[in-house]
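Chemist: Please find one structure pasted underneath; my questions will follow.
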Amino acid sequence: MSKKVLGNTGRGLLFVISAPAGTGKSTLMEMILEEFPDEVAESCSCTTRQPRPGEIAKKHYEFITIEAFEEKIANKEFIEYAKVFGNYYGTRKEEVERLQRQGKHVVLVIDTQGAMQIMGQVPALFIFVFPPSMDELRRRLFKRKTEDEEKIQERLLVAKQELAFASRYDYQIVNDDLTITHQVLKSIFIAEEHHNPTFRSKGES
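So the sequence shown is numbered by our numbering: it starts at 42 and just counts up by one.
Below, the structure written as structure tokens:
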């Protein structure tokens, strides 16, 4: 059997992925997780928003009350958190560390607010995914048919603000073709695992 291309570390890396809504980041993550179910894990974030159709509690998000979320903030349980469109989103430190101890590469799919909180706080690799253009992003958001015109315009405004932070990320990729972007993202994971000695197993040269 050939050597695994991922999962050759004692402690997993932390990858932070940000992208405007409608860019395809969730689909990309599903493709990565399907290909590497034992090597890569997406940390389950907490949120105060209501579940969307098809979302499963403790898989897509941990759905909690505003009071419970704010208690976790007070107890400093989050590695990052943000309030987006009136709802809290946050990543628990213990969840990330638990997965890393298992040797899994942990992926946080979060907005730029959260990513900026993590930068300089813990070792991580940051990846920003661009849409091909704002016109294409608008088309994708309308195609989803999950929000009205006002909400879509609000998301496009936020997207422009998020793009201003892209230069601070380690990698910037454009999701013009999903298959190609998936291969690029996979290549980043593999390259970083093999070139980041901090996370290699003990005794590995």
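Think of the CB as a built atom: it goes at the ideal place given N, C-alpha and C, for glycine as much as any other residue.
Which same chain residues, not among the five before or five after Ser-228, have their C-beta less than 6 Å away from its C-beta?
Modeler: Within the sequence shown, numbered from 1, the residue matching residue 228 stands at position 187. Here the set comprises nothing.
Chemist: Leaving out five residues on either side along the sequence, give the residues of the same chain with a beta carbon under 6 Å from the beta carbon of Tyr-212.
Modeler: By 1-based counting over the sequence shown, the position of residue 212 is 171. So the qualifying residues of the chain are Ile-168, Ile-229.
Chemist: Using CA coordinates, which residue listed in Arg-90, His-146, Lys-117 is at the minimum distance from Val-125?
Modeler: Sequence index remark: in the sequence shown, residue 125 carries index 84 (1-based). Here the closest residue by C-alpha is Arg-90.
Chemist: Provide the residue(s) that pair with Leu-55 in DSSP beta bridges, ordered along the chain.
Modeler: Mapped onto the sequence shown, residue 55 falls at position 14. Bridge partners of Leu-55: Val-147.
Chemist: Could you pull out every residue in the same chain whose Cβ sits closer than 6 Å to the Cβ of Arg-171, ignoring the five residues on either side in sequence?
Modeler: Walking along the sequence shown from the start, residue 171 turns up at place 130. Looking at the sequence shown, residue 171 is not Arg but Phe. Excluding positions up to five away in sequence, the list reads Val-215.
Chemist: Is it the case that the region 113–129 contacts the region 72–80, given that we only count it when at least three CB pairs across the two stretches are under 8 Å?
Modeler: No: the two stretches stay apart, fewer than three of their Cβ pairs being nearer than 8 Å.
Chemist: Give, in chain order, every unbroken run of the alpha helix (DSSP H) that is at least 4 residues long and sits entirely within the region 118–182.
Modeler: Qualifying alpha helix (DSSP H) stretches, in chain order: 134–142, 153–159.
Chemist: Between Ser-43 and the rest of its own chain, which residues show a CB-CB distance below 8 Å, the 5 nearest in sequence each way excluded?
Modeler: Position 2 of the sequence shown, counting from 1, holds the residue named residue 43. Residue confidence is low: Ser-43 scores 35 on pLDDT, short of 50, so the model does not pin down where it sits. No coordinate-derived value is stated.
Chemist: What are the residues that DSSP puts in a beta bridge with Val-81?
Modeler: On the sequence shown, residue 81 is found 40 positions in, with the first residue counted as 1. Its beta-bridge partners are His-146.
Chemist: What is the rounded straight-line gap between the Cα of Glu-138 and the Cα of Gly-131?
Modeler: For the purposes of this step, residue 138 is taken as the residue at position 97 of the sequence shown. For the purposes of this step, residue 131 is taken as the residue at position 90 of the sequence shown. Cα to Cα, Glu-138 sits roughly 15 Å from Gly-131.
Chemist: Are the beta-carbon atoms belonging to Arg-234 and Leu-54 less than 9 Å from one another?
Modeler: Position 193 of the sequence shown, counting from 1, holds the residue named residue 234. Position 13 of the sequence shown, counting from 1, holds the residue named residue 54. For the record, residue 234 in the displayed sequence is Glu; it is not Arg. Taking 9 Å as the Cβ cut-off, Glu-234 and Leu-54 qualify as a contacting pair.
Chemist: How is Glu-245 classed by DSSP in three states: helix, strand or coil?
Modeler: What you label residue 245 is simply residue 204 of the sequence shown in a count that begins at 1. Its pLDDT being 37, under 50, Glu-245 is placed unreliably in this model, and the coordinates cannot settle the point.
Chemist: If Ser-208 sits next to Val-147, beta carbons under 8 Å apart, how far is it from one beta carbon to the other, in whole angstroms?
Modeler: Residue 208 sits at position 167 when you count from the first residue of the sequence shown. Residue 147 sits at position 106 when you count from the first residue of the sequence shown. With 8 Å as the limit, Ser-208 and Val-147 do not qualify as a contact, their Cβ atoms being about 24 Å apart.
Chemist: Applying the 10 Å Cβ sphere with the 16-neighbour rule, what's the burial state of Ser-174?
Modeler: The count along the sequence shown starts at 1 and reaches residue 174 at position 133. Classification for Ser-174: exposed.
Chemist: Which residues mark the beginning and the end of the beta strand (DSSP E) in which Ser-67 is found?
Modeler: Locating residue 67 in the sequence shown gives position 26, where the first residue counts as 1. Careful: Ser-67 lies outside any beta strand (DSSP E), inside the alpha helix (DSSP H) at 66–76.
Chemist: Would you mind working out which of Gln-154, Ile-73, Leu-69 sits nearest Ile-120, comparing C-alpha positions?
Modeler: As a position in the sequence shown, residue 120 is number 79, starting the count at 1. Residue Gln-154 is the option with its Cα nearest to Ile-120.
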